[in-house]
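In this note's numbering, the protein residues as written are 26 to 223. Note that the Cβ used here is the ideal one computed from N, Cα and C, for glycine as well. These figures come from a predicted structure and were not determined experimentally.
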């Protein structure tokens, strides 16, 4: 009854009117009313409903089963299409690919020119530029060597009468040596010597 009241309320029909109309239909024998305590259940008459025989029931069951399988297959197909659609969303459009291609070609042009120069044996830096680089390299190597010697002399005086392991002491003090950071002054010095021989 509640569903009926809600549906008819939008047409301005009041709850008592619905109740009287339904009771009248029940009294006239057009519908059936069954009471369960204070609750009433109204049902349509089923006397004139023709029940199918066993063969008809089996046919209906088979039809329902077939339709259910079709629904399942359709659902699987829809999910597959949705998955493919999501995948297509991650691809670039033709317009985006055209822009990307143009951008990459522009980036390639200076690299191609550089490659041509390298293949032809052209000098990429001038003699003056090379000398400037070597001069800067020499300057920083000299500074590195000088500071390395100064620290070695000072540390030798400090650690001479210390019983503690010097490596552990350096670690406690937060001092990092060349070896701690895997660099070698000697290796860089050899590179410098090679540069001078070239």
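Review point. Between residue 121 and residue 145, what straight-line distance do the alpha-carbon atoms span, to the nearest angstrom?
Key: To locate residue 121, count along the chain shown from 1; it is residue 96. To locate residue 145, count along the chain shown from 1; it is residue 120. Cα-Cα distance, rounded: 36 Å.
Review point. For the alpha helix (DSSP H) that contains residue 108, what are its first and last residues?
Key: What you label residue 108 is simply residue 83 of the chain shown in a count that begins at 1. Start and end: 79-114.
Review point. Is the stretch 161-179 in contact with the stretch 202-215, if contact means three or more CB pairs nearer than 8 Å?
Key: yes
Point to revise | Local conformation of residue 179 per DSSP, three classes | key: Taking the chain shown and counting its residues from 1, one reaches residue 179 at position 154. Looking at residue 179 - three-state DSSP - the assignment turns out to be helix.
Check your understanding: What does residue 69 pair with, by DSSP beta-bridge criteria?
Key -> Here the question's residue 69 lines up with position 44 in the chain shown. In the DSSP output, where bridge partners are listed per residue, residue 69 has 56.
Check your understanding: Is the beta carbon of residue 142 sitting closer than 8 Å to the one on residue 136?
Key -> For the purposes of this step, residue 142 is taken as the residue at position 117 of the chain shown. For the purposes of this step, residue 136 is taken as the residue at position 111 of the chain shown. No. Outside cutoff.
**Study point:** Distance between residue 184 and residue 178 (C-alpha atoms, nearest Å)
**Key:** Against the chain shown, residue 178 aligns to sequence position 153. Against the chain shown, residue 184 aligns to sequence position 159. Rounded to whole angstroms, residue 178 to residue 184 spans 10 Å at the Cα level.
Check your understanding: Using the C-alpha atoms, what's the distance from residue 126 back to residue 206?
Key -> The residue labelled residue 206 in the question sits at position 181 within the chain shown. The residue labelled residue 126 in the question sits at position 101 within the chain shown. Distance between the alpha carbons of residue 206 and residue 126: 43 Å.
Check your understanding: With which residues is residue 64 paired in a DSSP beta bridge?
Key -> The residue given as residue 64 occupies position 39 in the chain shown. According to DSSP, residue 64 bridges with 61.
Practice item. Return the Cβ separation of residue 195 and residue 187 in integer angstroms, given the expectation that the two are a contact with Cβ distance under 8 Å. Key: Translated into positions along the chain shown, residue 195 becomes position 170. Translated into positions along the chain shown, residue 187 becomes position 162. That pair is no contact at about 11 Å.
Review point. When DSSP labels each residue in this structure, what does residue 150 get in the three-state scheme?
Key: Residue numbering aside, residue 150 sits at position 125 when the chain shown is read from its first letter. Reduced to three states, the DSSP call for residue 150 is coil.
Exercise for review: Report yes if the C-beta distance between residue 67 and residue 96 is below 8 Å; otherwise report no.
Suggested key: Looking up residue 67 in the chain shown gives position 42. Looking up residue 96 in the chain shown gives position 71. No.
Review point. Residue range of the alpha helix (DSSP H) that residue 187 falls in?
Key: Taking the chain shown and counting its residues from 1, the one referred to as residue 187 is at position 162. Unbroken run through residue 187: none, as it is neither H nor E.
Review point. Taking Cβ to Cβ, would you say residue 56 is nearer than 8 Å to residue 69?
Key: If you number the chain shown from 1, residue 56 lands on position 31. If you number the chain shown from 1, residue 69 lands on position 44. Yes. Within cutoff.
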